[in-house]
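*Asks:* I'd like to ask you about the structure that follows.
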Amino acid sequence: MNDVTMMERPVTEAAEMTKPPKISASDVQVYYGDNHAIKDVNVEIEDHTVTAFIGPSGCGKSTFLRCINRMNDTIDIARMEGTILIDGHDIYARDVDPVQLRARVGMVFQKPNPFPKSIYDNVAYGPRIHGLAKTKADLDVIVEKSLRRGAIWDEVKDRLHAPGTGLSGGQQQRLCIARAVATEPEVLLMDEPCSALDPIATEMIENLISELRANFAVIIVTHSMQQAARVSQKTAYFHLGNLVEYDDTDRIFTNPQDPRTENYITGRIG
Amino acid sequence: MTDAVASSGFAGSDPARLKRRHRAEVRLRAYGIAALVFAGLSLIALMGSVVLSASEALRETYVTLPVELSAEVIDPDGTGDPNIIRRADFNGLTRDALRTRFPNATGRTERRALNELLSVGASFELADQAAANPSMIGQTMPVRMLASDTLDLYLKGAFGGLDSRQVDGTLSVTVDDDTAVLTSDADDFASLLAQARSSLRAQSDELRHQASLQNNGVEEFARRAEAAENEGAKTRALKQVEARTAKRDGLLAEADALLARADSTEGFEPLGENNASALIRAGGGWFKLTEVARDRVSADILVAPTGAISDWSLLINETPEANRKLTDTQIVWAEDLRDAGELETVFNTRFFTASDSREPELAGIWGAAVGSFWTMLVTFALAFPIGVLSAIYLEEFAPKNRLTALIEVNINNLAAVPSIIFGLLGLAVIIGFFGVPRSAPLAGGIVLALMTLPTIIIASRVSIAAVPPSIREAALGVGASRLQVAFHHVLPLSMPGILTGAIIGMARALGETAPLIMIGMVAFIVDVPDGVTDNATVLPVQVFRWADFPERAFESRTALAICVLLVFLIVMNALAVFLRKRFERRW
Numbered sequence: 001m002n003d004v005t006m007m008e009r010p011v012t013e014a015a016e017m018t019k020p021p022k023i024s025a026s027d028v029q030v031y032y033g034d035n036h037a038i039k040d041v042n043v044e045i046e047d048h049t050v051t052a053f054i055g056p057s058g059c060g061k062s063t064f065l066r067c068i069n070r071m072n073d074t075i076d077i078a079r080m081e082g083t084i085l086i087d088g089h090d091i092y093a094r095d096v097d098p099v100q101l102r103a104r105v106g107m108v109f110q111k112p113n114p115f116p117k118s119i120y121d122n123v124a125y126g127p128r129i130h131g132l133a134k135t136k137a138d139l140d141v142i143v144e145k146s147l148r149r150g151a152i153w154d155e156v157k158d159r160l161h162a163p164g165t166g167l168s169g170g171q172q173q174r175l176c177i178a179r180a181v182a183t184e185p186e187v188l189l190m191d192e193p194c195s196a197l198d199p200i201a202t203e204m205i206e207n208l209i210s211e212l213r214a215n216f217a218v219i220i221v222t223h224s225m226q227q228a229a230r231v232s233q234k235t236a237y238f239h240l241g242n243l244v245e246y247d248d249t250d251r252i253f254t255n256p257q258d259p260r261t262e263n264y265i266t267g268r269i270g
Numbered sequence: 271m272t273d274a275v276a277s278s279g280f281a282g283s284d285p286a287r288l289k290r291r292h293r294a295e296v297r298l299r300a301y302g303i304a305a306l307v308f309a310g311l312s313l314i315a316l317m318g319s320v321v322l323s324a325s326e327a328l329r330e331t332y333v334t335l336p337v338e339l340s341a342e343v344i345d346p347d348g349t350g351d352p353n354i355i356r357r358a359d360f361n362g363l364t365r366d367a368l369r370t371r372f373p374n375a376t377g378r379t380e381r382r383a384l385n386e387l388l389s390v391g392a393s394f395e396l397a398d399q400a401a402a403n404p405s406m407i408g409q410t411m412p413v414r415m416l417a418s419d420t421l422d423l424y425l426k427g428a429f430g431g432l433d434s435r436q437v438d439g440t441l442s443v444t445v446d447d448d449t450a451v452l453t454s455d456a457d458d459f460a461s462l463l464a465q466a467r468s469s470l471r472a473q474s475d476e477l478r479h480q481a482s483l484q485n486n487g488v489e490e491f492a493r494r495a496e497a498a499e500n501e502g503a504k505t506r507a508l509k510q511v512e513a514r515t516a517k518r519d520g521l522l523a524e525a526d527a528l529l530a531r532a533d534s535t536e537g538f539e540p541l542g543e544n545n546a547s548a549l550i551r552a553g554g555g556w557f558k559l560t561e562v563a564r565d566r567v568s569a570d571i572l573v574a575p576t577g578a579i580s581d582w583s584l585l586i587n588e589t590p591e592a593n594r595k596l597t598d599t600q601i602v603w604a605e606d607l608r609d610a611g612e613l614e615t616v617f618n619t620r621f622f623t624a625s626d627s628r629e630p631e632l633a634g635i636w637g638a639a640v641g642s643f644w645t646m647l648v649t650f651a652l653a654f655p656i657g658v659l660s661a662i663y664l665e666e667f668a669p670k671n672r673l674t675a676l677i678e679v680n681i682n683n684l685a686a687v688p689s690i691i692f693g694l695l696g697l698a699v700i701i702g703f704f705g706v707p708r709s710a711p712l713a714g715g716i717v718l719a720l721m722t723l724p725t726i727i728i729a730s731r732v733s734i735a736a737v738p739p740s741i742r743e744a745a746l747g748v749g750a751s752r753l754q755v756a757f758h759h760v761l762p763l764s765m766p767g768i769l770t771g772a773i774i775g776m777a778r779a780l781g782e783t784a785p786l787i788m789i790g791m792v793a794f795i796v797d798v799p800d801g802v803t804d805n806a807t808v809l810p811v812q813v814f815r816w817a818d819f820p821e822r823a824f825e826s827r828t829a830l831a832i833c834v835l836l837v838f839l840i841v842m843n844a845l846a847v848f849l850r851k852r853f854e855r856r857w
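Protein chains in written order, with this note's numbering: chain R, 1 to 270; chain L, 271 to 857.
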């Protein structure tokens with residue numbers, strides 16, 4: 001652990017209030033074939049912040065999330081227009097390799113999906129394919145650090161070579177988070193990470209998300225408004241492909257500007 | 271349980287309906303069990319008959335006789351050179367040994383019959399032994415020689431055994447040159463006589479039947495003569511009538527004569543070679559009965575008696591001599607050898623170590639098994655990587671458009687193409703155009719690979735498609751490229767299914783005959799192939815060839831070869847099941 005890697009970003013940056021947005025999306029349109037799934041989304045997402053995307057099913061929040069690490073590229077019929085900048089760089093520029101991008105923008109999925117390999121190999125896979133560790137010792141360090149960040153180290157340190165699929169659902173999801181942070185991403189995308197988990201596991205993940213904020217810009221898609229209220233600082237409300245409202249979480253939940261947001265958070269639609 | 275529910279009023283308005291439904295379910299289950307039992311019994315019957323037939327080929331017979339390994343014949347100059355020794359006339363030596371053992375086999379035909387007891391391979395094996403161990407030369411020593419297939423079959427009971435009949439009287443023998451008249455003072459030959467007579471009656475009946483056919487002809491031509499319109503036709507018809515009448519009357523007279531003989535009580539009647547053979551063994555000699563009367567028989571002396579005739583036995587072989595390859599004389603020699611302890615039957619290791627031969631007793635499966643191995647090696651080396659990579663490309667990389675849909679349809683169709691078509695393709699393209707050697711495992715392997723490819727591709731695609739998309743997303747999410755996703759995650763996870771499909775495809779290829787016949791792998795090959803370009807044959811083709819051979823001993827060898835092939839297939843399928851169970855994953 002004495003080998004502090006160069007990817008460790010200074011936390012002081014988080015304190016700066018005048019910092020530029022981490023992610024900046026403008027006029028984003030997404031089409032699935034003829035279906036216009038995302039319409040004119042403009043949003044600026046800050047670093048070291050948890051941003052929650054909420055909205056009814058099919059409103060496009062997951063689709064927009066998947067635009068940020070270009071996962072929609074893998075769907076043949078999906079087509080995207082507009083620009084998304086991360087740290088001022090257009091991630092849809094010609095010279096950007098989506099594979100490299102995904103190493104910098106980690107993702108955690110709805111259903112825990114550990115590889116059917118050992119816990120160690122699950123975490124080590126990303127660093128291995130990106131050549132982040134030169135020696136076995138380096139890799140061990142990265143794995144331990146990632147598992148600690150995933151708040152699962154204490155539970156698995158004695159059985160690193162047991163299969164990852166043998167863990168409980170909540171543990172598997174934390175393992176997936178550890179796997180996502182192992183490549184030292186700057187942004188962590190979470191697509192309904194707790195929807196397949198019980199309340200105890202959900203609480204652990206939520207606590208973890210709050211900790212992860214120190215190192216990453218976290219974007220979380222959730223169906224649970226309570227969860228959005230608990231973990232996020234910023235909330236975006238999507239409705240039928242439009243970004244209806246984007247503001248501080250407190251304000252969204254106490255004083256929404258748009259009637260559609262109000263209807264949704266008060267439970268009249270959704 | 272259901273009754274309780276029904277009685278509590280949930281049965282609906284029509285309890286009869288419920289009953290009907292239950293009966294239908296019971297009936298369906300009964301049909302299913304009946305079908306399974308039938309299938310199981312059929313399988314047992316099939317396998318049982320093959321295995322039973324094959325078990326005969328598991329044993330082979332050796333004759334041990336003292337052979338004089340005369341130095342003058344083998345190596346007159348005393349060089350000890352194996353090549354010279356091998357060229358010597360060992361055939362003559364083994365024949366001399368047989369002749370010494372049975373000195374009264376004097377005629378040309380008899381000697382040839384005697385030689386037929388030994389396999390032609392016996393002298394070659396003796397030559398090899400002598401070449402390897404020249405100190406044997408000059409000695410007279412017991413040599414273990416392979417028996418011929420007919421002798422082997424006789425000992426296994428293929429040509430009927432000798433059944434002893436009860437005899438009560440005392441035998442007296444009057445020898446006249448090489449025939450003898452044997453008299454018994456009891457009624458010991460009555461059954462034989464009855465047999466001879468009933469055979470006469472049967473012959474008589476047969477003649478009468480022929481006569482009745484002739485009579486039909488007579489009537490037909492008489493009718494034609496009646497109806498004839500001109501003189502010429504009438505004359506021709508009358509001539510036919512005349513000729514046929516004469517023939518009919520001749521046959522009838524013959525039949526009457528036979529019947530008279532059958533009914534008379536005196537005189538000798540011939541046993542004939544279409545009847546069961548009867549032999550008398552007395553005083554160390556053997557007599558073959560030719561004619562029989564009530565209290566005496568005349569017989570050929572097969573082996574002259576050496577001692578006084580005290581007790582004797584009448585032995586019957588129910589299989590007529592004309593219906594078997596081993597003559598009575600040969601049977602007598604075989605029995606003598608057996609009684610002298612000069613025959614031994616041992617496990618047939620030769621079958622599993624030798625290659626093909628025209629002589630059933632020398633033929634083995636090893637050459638074909640090695641040929642199958644080389645062919646399967648080529649098939650696997652080609653079909654597996656090409657099939658798996660095609661499947662990965664089609665499932666993971668190819669765009670879904672009309673072209674890939676067309677390719678998919680064609681792959682599915684190829685799996686249903688009759689295998690002989692692939693043989694034609696192999697003959698025309700692989701041998702004809704690319705000039706791959708005929709009859710070689712390389713050509714066979716390529717053809718079988720083409721045949722196996724669709725199976726492997728389809729199985730692999732199914733297996734790859736069964737890998738859950740969440741694994742692909744997870745890998746993409748940590749920044750794996752599509753290639754890395756395919757080879758690091760999808761392929762290892764689908765490997766058990768791919769291997770299962772590949773092994774089942776290979777098992778089908780292993781049992782394939784038709785395409786290999788087209789490309790000349792049906793040739794008679796005695797050498798074990800050393801590589802993929804040597805001439806070779808494969809197990810199923812070997813089965814096919816042996817099934818075609820007329821020698822009866824090939825029957826059991828064919829069955830044994832089928833068993834060997836079945837064992838290979840069962841092992842391969844078991845491996846497929848094992849792999850599937852071992853690496854099965856639940857998501």
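We treat Cβ as the ideally placed atom computed from N, Cα and C, and that holds for glycine.
Residues of chain L with CB closer than 7 Å to the CB of residue 80 (chain R), please, in chain order.
*Replies:* Working through the first sequence from its first residue, we reach residue 80 (chain R) at position 80. By Cβ distance, chain L contributes nothing, its closest Cβ being about 16 Å from residue 80 (chain R), past 7 Å.
*Asks:* Using a Cβ-Cβ distance cut-off of 8 Å, determine whether residue 100 (chain R) contacts chain L.
*Replies:* Position 100 of the first sequence, counted from the first residue, corresponds to residue 100 (chain R). Yes, its Cβ sits closer than 8 Å to a Cβ of chain L.
*Asks:* Which residues mark the beginning and the end of the alpha helix (DSSP H) in which residue 654 (chain L) is found?
*Replies:* Counting from 1 along the second sequence, the entry for residue 654 (chain L) is found at position 384. That run of the alpha helix (DSSP H) goes 636–662.
*Asks:* On the DSSP bridge list, what partners appear for residue 126 (chain R)?
*Replies:* Here residue 126 (chain R) refers to the residue found at position 126 when the first sequence is read from its first residue. Partner(s): none; residue 126 (chain R) has no beta bridge.
*Asks:* In the DSSP assignment, find the unbroken beta strand (DSSP E) run with residue 26 (chain R) in it and report its ends.
*Replies:* Along the first sequence, read from residue 1 onward, the residue named residue 26 (chain R) stands at position 26. Residues 23–32.
*Asks:* Would you say residue 223 (chain L) and residue 549 (chain L) are within 8 Å of each other, going by their C-beta atoms?
*Replies:* Any answer about residue 223 (chain L) is impossible in this case: the structure gives chain L only from 271 up to 857.
*Asks:* Can residue 151 (chain R) and residue 197 (chain R) be called in contact, C-beta distance under 8 Å?
*Replies:* Numbered from 1 along the first sequence, position 151 holds the residue referred to as residue 151 (chain R). Numbered from 1 along the first sequence, position 197 holds the residue referred to as residue 197 (chain R). Against a cut-off of 8 Å, the Cβ pair of residue 197 (chain R) and residue 151 (chain R) comes out as no contact.
*Asks:* Can you list the residues of chain R that residue 675 (chain L) reaches, using a CB-CB cut of under 8 Å?
*Replies:* Against the second sequence, residue 675 (chain L) aligns to sequence position 405. What residue 675 (chain L) touches in chain R: nothing, since even the nearest Cβ is about 14 Å away.
*Asks:* Under 8 Å Cβ-Cβ, which residues of chain L neighbour residue 103 (chain R)?
*Replies:* The residue you call residue 103 (chain R) lines up with position 103 of the first sequence. Near residue 103 (chain R) (Cβ distances below 8 Å), the residues of chain L are 748 and 749.
*Asks:* Give a yes or no on contact between the segment 216–231 of chain R and the segment 41–59 of chain R, applying the rule of three or more CB pairs nearer than 8 Å.
*Replies:* yes
*Asks:* Taking only the alpha-carbon atoms, compute the straight-line gap between residue 630 (chain L) and residue 373 (chain L) and give it to the nearest angstrom.
*Replies:* Within the second sequence, numbered from 1, the residue matching residue 630 (chain L) stands at position 360. Within the second sequence, numbered from 1, the residue matching residue 373 (chain L) stands at position 103. Looking at the two C-alpha atoms, the distance is approximately 28 Å.
*Asks:* So, residue 406 (chain L) versus residue 397 (chain L), is the Cβ gap smaller than 8 Å?
*Replies:* For this step, residue 406 (chain L) is matched to residue 136 along the second sequence. For this step, residue 397 (chain L) is matched to residue 127 along the second sequence. Taking 8 Å as the Cβ cut-off, residue 406 (chain L) and residue 397 (chain L) do not qualify as a contacting pair.
*Asks:* Starting from residue 155 (chain R), follow the alpha helix (DSSP H) in both directions and report where the run begins and ends.
*Replies:* Looking up residue 155 (chain R) in the first sequence gives position 155. Here the alpha helix (DSSP H) through residue 155 (chain R) covers 153–156.
*Asks:* Between the Cα of residue 418 (chain L) and those of L:346, L:331, L:365 and L:412, spot the shortest distance and give me the residue it belongs to.
*Replies:* If you number the second sequence from 1, residue 418 (chain L) lands on position 148. Of the candidates L:346, L:331, L:365 and L:412, the one whose C-alpha sits nearest the C-alpha of residue 418 (chain L) is L:331.
*Asks:* Considering only DSSP beta bridges, list what residue 50 (chain R) is partnered with.
*Replies:* Within the first sequence, numbered from 1, the residue matching residue 50 (chain R) stands at position 50. R:218, per the DSSP bridge assignment.
*Asks:* Using the beta-carbon count (16 or more within 10 Å), is residue 551 (chain L) buried or exposed?
*Replies:* Translated into the one-based positions of the second sequence, residue 551 (chain L) becomes position 281. Residue 551 (chain L) is buried by the Cβ-count criterion.
*Asks:* Output, in chain order, the set of chain L residues within a Cβ distance shorter than 7 Å of residue 125 (chain R).
*Replies:* Indexing the first sequence from 1 puts residue 125 (chain R) at position 125. Result: 748.
*Asks:* Quick one: what does DSSP say residue 539 (chain L) is sitting in, helix, strand or coil?
*Replies:* By one-based count along the second sequence, residue 539 (chain L) stands at place 269. If DSSP states are grouped into helix, strand and coil, residue 539 (chain L) belongs with the strands.
*Asks:* Enumerate in chain order the residues of its own chain whose CB-to-CB distance from residue 61 (chain R) is below 8 Å, with the five nearest sequence positions on each side excluded.
*Replies:* Along the first sequence, one-based indexing puts residue 61 (chain R) at 61. Correct list, in chain order: 53, 54, 55, 221, 236 and 238.
*Asks:* Chain R beta carbons: is any one of them nearer than 8 Å to that of residue 744 (chain L)?
*Replies:* Along the second sequence, one-based indexing puts residue 744 (chain L) at 474. Yes, residue 744 (chain L) lies at the interface with chain R (some Cβ there is under 8 Å from its Cβ).
*Asks:* Run through DSSP, which three-state label would residue 245 (chain R) get?
*Replies:* The residue given as residue 245 (chain R) occupies position 245 in the first sequence. Residue 245 (chain R) falls in the strand class under three-state DSSP.
*Asks:* On a CA-only basis, which of R:216, R:43, R:228 and R:75 is nearest residue 203 (chain R)? Give me that one, please.
*Replies:* As a first step, residue 203 (chain R) must be located in the first sequence, where it is residue number 203. The shortest C-alpha separation from residue 203 (chain R) is found at R:228.
*Asks:* To the nearest angstrom, how far is it from the Cα of residue 7 (chain R) to the Cα of residue 184 (chain R)?
*Replies:* Numbered from 1 along the first sequence, position 7 holds the residue referred to as residue 7 (chain R). Numbered from 1 along the first sequence, position 184 holds the residue referred to as residue 184 (chain R). Residue placement at residue 7 (chain R) is poorly supported in this model, since its pLDDT is 45, which falls under 50; the coordinates are not used for a value here.
*Asks:* Any contact between the segment 131–142 of chain R and the segment 167–174 of chain R? By contact I mean 3 or more CB pairs, one from each, below 8 Å.
*Replies:* no
*Asks:* Out of R:115, R:82, R:129 and R:114, point me to the one whose CA is closest to residue 754 (chain L)'s CA.
*Replies:* Reading the second sequence from its first residue, position 484 is the one you call residue 754 (chain L). The shortest C-alpha separation from residue 754 (chain L) is found at R:129.
*Asks:* Under 7 Å between beta-carbons, which chain A residues line up against residue 740 (chain L)? List them in chain order, please.
*Replies:* In the displayed structure, chain A is absent; the protein chains listed are R and L.
*Asks:* Using a C-beta to C-beta distance shorter than 8 Å, which residues of chain R count as neighbours of residue 769 (chain L)?
*Replies:* The count along the second sequence starts at 1 and reaches residue 769 (chain L) at position 499. Result: empty, since nearest Cβ-Cβ is about 17 Å, beyond 8 Å.
*Asks:* Taking residue 92 (chain R) and residue 80 (chain R) to be in contact with their CB atoms under 8 Å, please state how far apart those CB atoms are, rounded to whole angstroms.
*Replies:* What you label residue 92 (chain R) is simply residue 92 of the first sequence in a count that begins at 1. What you label residue 80 (chain R) is simply residue 80 of the first sequence in a count that begins at 1. Yes, they are in contact, since the Cβ atoms of residue 92 (chain R) and residue 80 (chain R) sit about 7 Å apart, within 8 Å.
*Asks:* Is any heavy atom in the ligand ZN found nearer than 7 Å to the beta carbon of residue 846 (chain L)?
*Replies:* This structure lacks the ligand ZN; in fact it carries no ligand of any kind.
*Asks:* Helix, strand or coil: how does DSSP classify residue 610 (chain L) here?
*Replies:* Here residue 610 (chain L) corresponds to residue number 340 of the second sequence, with the count starting at 1. Coil.
*Asks:* In terms of DSSP beta bridges, what is residue 163 (chain R) paired with?
*Replies:* As a first step, residue 163 (chain R) is located in the first sequence; it is residue number 163 there, counting from the start. According to DSSP, which records beta bridges pairwise, residue 163 (chain R) is partnered with R:118.
*Asks:* Mind listing which residues of the segment 170–182 of chain R have their C-beta closer than 8 Å to chain L's C-betas, in chain order?
*Replies:* 176, 179, 180 and 182
*Asks:* For the beta strand (DSSP E) holding residue 78 (chain R), just list the boundary residues, first then last.
*Replies:* Stepping through the first sequence from its first residue, residue 78 (chain R) is reached at position 78. Here the beta strand (DSSP E) through residue 78 (chain R) covers 78–86.
*Asks:* Is DSSP giving residue 721 (chain L) helix, strand or coil here?
*Replies:* Numbered from its first residue, the second sequence carries residue 721 (chain L) at position 451. Residue state, collapsed to three classes: helix.
*Asks:* Enumerate, from N- to C-terminal direction, the unbroken alpha helix (DSSP H) stretches of 4 or more residues contained entirely within the segment 326–363 of chain L.
*Replies:* 341–344 and 352–357
*Asks:* Note down, in chain order, each residue of its chain lying with its Cβ closer than 6 Å to the Cβ of residue 432 (chain L), except the 5 sequence neighbours on either side.
*Replies:* Taking the second sequence and counting its residues from 1, the one referred to as residue 432 (chain L) is at position 162. Once the five neighbours on either side are set aside, the close Cβ partners of residue 432 (chain L) are 585 and 587.
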